[in-house]
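In the UniProt record's numbering, the protein residues as written are 1 to 187.
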């Protein structure tokens with residue numbers, strides 16, 4: 001068995017698993033944010049309608065007119081923000097990236113099987129490894145940005161605290177093994 005290539009492939013597999021989880025967390029966060037924005041928008045529209053009805057019922061009281069105008073202006077500003085930042089589109093972009101990483105993760109798992117079973121000649125293993133690394137880079141280049149909040153949540157969900165409680169760039173065999181079925185584990 002080509003242990004050096006297997007170690008490299010396992011590291012790349014773990015990076016893919018982690019990045020998939022980060023994008024998944026980001027999609028959930030963005031989806032939750034989009035829902036909150038929709039609820040706030042509905043609330044502002046309801047308030048504007050109530051003010052409109054109060055204006056009709058109390059035409060002599062200018063307070064309702066001023067309040068209604070202010071709420072309508074607030075709604076217009078809120079709609080501009082929604083159209084500018086399109087929170088649902090951000091959530092969808094993270095979800096699509098997560099799905100691409102998930103597909104890549106499965107390809108890495110197959111390569112691990114082939115490498116461990118020595119079913120593929122070493123040159124083919126290297127070519128497939130390099131191809132998957134290039135695919136990982138393309139997906140990463142096109143994926144929306146994430147932040148420390150998503151990284152921390154992904155580490156928590158994957159039960160990896162990092163080398164010193166934070167982000168790290170290499171994975172122990174034990175950490176990688178937890179992402180793999182039992183028959184593909186080294187330990």
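C-beta: ideal position from N, C-alpha, C; glycine also.
These figures come from a predicted structure and were not determined experimentally.
Rank the options by C-alpha distance to the C-alpha of residue i and give the top, closest one.
i, options, result
"residue 174", "134, 14, 38, 89", "14"
"residue 157", "178, 142, 139", "178"
"residue 100", "51, 34, 30, 19", "19"
"residue 28", "122, 76, 149, 48", "149"
"residue 140", "3, 12, 4, 88", "12"
"residue 72", "128, 132, 48", "48"
"residue 181", "152, 106, 127, 120", "106"
Near residue i, which residues of its chain fall below 6 Å by C-beta distance, leaving aside the five closest residues on each side in sequence?
i, result
"residue 146", "22, 26"
"residue 97", "23, 143"
"residue 33", "87"
"residue 90", "30"
"residue 176", "10, 14"
Ordered along the chain, which non-local residues of its own chain (more than five positions away) have a Cβ less than 8 Å from that of residue i?
i, result
"residue 1", "115, 116, 118"
"residue 52", "68"
Kindly indicate which three-state DSSP category residue i falls into: helix, strand or coil?
i, result
"residue 183", "helix"
"residue 2", "coil"
"residue 192", "Because residue 192 is not part of the residues shown, which for the chain are 1 to 187, the question remains open."
How many whole angstroms separate the CB atoms of residue i and residue j, which I take to be in contact at a CB cut-off of 8 Å?
i, j, result
"residue 9", "residue 108", "6 Å"
"residue 16", "residue 104", "5 Å"
"residue 30", "residue 94", "6 Å"
"residue 112", "residue 184", "6 Å"
"residue 138", "residue 5", "Not confirmed; about 21 Å, so no contact."
"residue 37", "residue 82", "6 Å"
Just to confirm my understanding: we take residue i, look at its own chain, exclude 5 residues before and 5 after, and list those with CB closer than 7 Å. What are they?
i, result
"residue 74", "44"
"residue 171", "11, 14"
List, from N- to C-terminal side, the beta strand (DSSP E) runs of 3 residues or more that fit wholly inside the UniProt domain "SMODS and SLOG-associating 2TM effector" (8-160). none
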